[in-house]
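Counting from 438, one number per residue, gives the positions in the sequence shown under the working numbering. We put the CB at the ideal spot given by N, CA and C, even for glycine. Let me begin by presenting the structure, written as structure tokens, before commenting on it.
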Amino acid sequence: MGASGANGGVVVTEKTFHLGTKGVPEWSEFSGSTPYGRNLTLPFEAKANKKEATLFLRQDDVKQGWRVSLNGKRLGNLDRFESKVLHSLKVPTGTLIDGPNKLAIEAPVTAIDDIFVGGAFIEDGSADETLSHGFLELHATDRATSTPLP
Numbered sequence: 438m439g440a441s442g443a444n445g446g447v448v449v450t451e452k453t454f455h456l457g458t459k460g461v462p463e464w465s466e467f468s469g470s471t472p473y474g475r476n477l478t479l480p481f482e483a484k485a486n487k488k489e490a491t492l493f494l495r496q497d498d499v500k501q502g503w504r505v506s507l508n509g510k511r512l513g514n515l516d517r518f519e520s521k522v523l524h525s526l527k528v529p530t531g532t533l534i535d536g537p538n539k540l541a542i543e544a545p546v547t548a549i550d551d552i553f554v555g556g557a558f559i560e561d562g563s564a565d566e567t568l569s570h571g572f573l574e575l576h577a578t579d580r581a582t583s584t585p586l587p
């Protein structure tokens, strides 16, 4: 964990985790799947952020207020959104430290909610700055021959 990202950021995890209450699935579709747990703590290596950064993470099927913190500092909650989404949270200056860091995702105290979360990475800059550097990669092929077009 903690590999460098493309824009000076850091990859926290590429994995996706099923979080929920073991033995108490939210829906029957989750009954055959054992969740990782109700909470998730991901250690990773990073350098101190001397300016605002942005945490991005993929989430799916979130109906309750799951808390997100970094090194014990609350960043906010996952979006209450039942579709797959790439969510972003502001990482204030000085939240990351040189060396070991810890991202935590915590379940609401009493709610039963099965979610998927992962694919977390941190990029330098605000969400607006980071998202303005997005790119689109297209591959065009000739319909008749299926060969790539220049």
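Between the CA atoms of residue j and residue i - distance to the nearest angstrom
{"i": "Leu523", "j": "Glu560", "result": "13 Å"}
{"i": "Pro585", "j": "Ser569", "result": "29 Å"}
{"i": "His455", "j": "Lys484", "result": "28 Å"}
{"i": "Ala544", "j": "His576", "result": "41 Å"}
{"i": "Ser563", "j": "Leu533", "result": "14 Å"}
{"i": "Thr567", "j": "Val448", "result": "15 Å"}
{"i": "Asp516", "j": "Pro587", "result": "40 Å"}
{"i": "Lys459", "j": "Arg511", "result": "25 Å"}
{"i": "Thr582", "j": "Trp503", "result": "49 Å"}
{"i": "Ile549", "j": "Arg495", "result": "20 Å"}
{"i": "Phe518", "j": "Arg580", "result": "38 Å"}
Buried or exposed by the 16-neighbour rule on C-beta atoms within 10 Å, applied to residue i
{"i": "Arg475", "result": "buried"}
{"i": "Pro537", "result": "exposed"}
{"i": "Asp535", "result": "exposed"}
{"i": "Thr578", "result": "exposed"}
{"i": "Thr491", "result": "buried"}
{"i": "Thr547", "result": "exposed"}
Residue closest to residue i, alpha-carbon to alpha-carbon, out of the options
{"i": "Gly457", "options": "Asp579, Glu566, Phe553", "result": "Phe553"}
{"i": "Asn514", "options": "Lys521, Asn508, Gln501, Ser520", "result": "Gln501"}
{"i": "Ser525", "options": "Phe493, Glu519, Arg517, Asp516", "result": "Phe493"}
{"i": "Gly531", "options": "Ser583, Gly509, Thr471, Glu519", "result": "Gly509"}
{"i": "Glu482", "options": "Thr450, Trp503, Arg495, Tyr473", "result": "Thr450"}
{"i": "Asn486", "options": "Asp550, Arg580, Ser583, Gly446", "result": "Gly446"}
{"i": "Thr471", "options": "Val499, Asp551, Glu519, Phe518", "result": "Asp551"}
Contact belief for residue i with residue j at Cβ below 8 Å, rounded distance in angstroms
{"i": "Ser506", "j": "Ala541", "result": "5 Å"}
{"i": "Thr453", "j": "Lys539", "result": "Going by Cβ atoms, the distance from Thr453 to Lys539 rounds to 19 Å, so no, they are not a contact pair."}
Own chain, CB closer than 6 Å to residue i, minus 5 neighbours either side, in chain order
{"i": "Lys521", "result": "Asp497"}
Within-9 Å CB hit, residue i to chain C
{"i": "Ala548", "result": "The structure shown has no chain C; it contains just one protein chain."}
Sequence-distant residues of the same chain with beta carbon closer than 8 Å to residue i, five excluded per side
{"i": "Glu489", "result": "Lys527, Val528, Pro529, Thr530, Gly562, Ser563"}
{"i": "Gly555", "result": "Thr450, Glu451, Lys452, Thr453, Phe454, Leu494, Arg495"}
Contact set for residue i: own chain, Cβ-Cβ below 7 Å, skip 5 residues either direction
{"i": "Tyr473", "result": "Phe454, His455, Leu456"}
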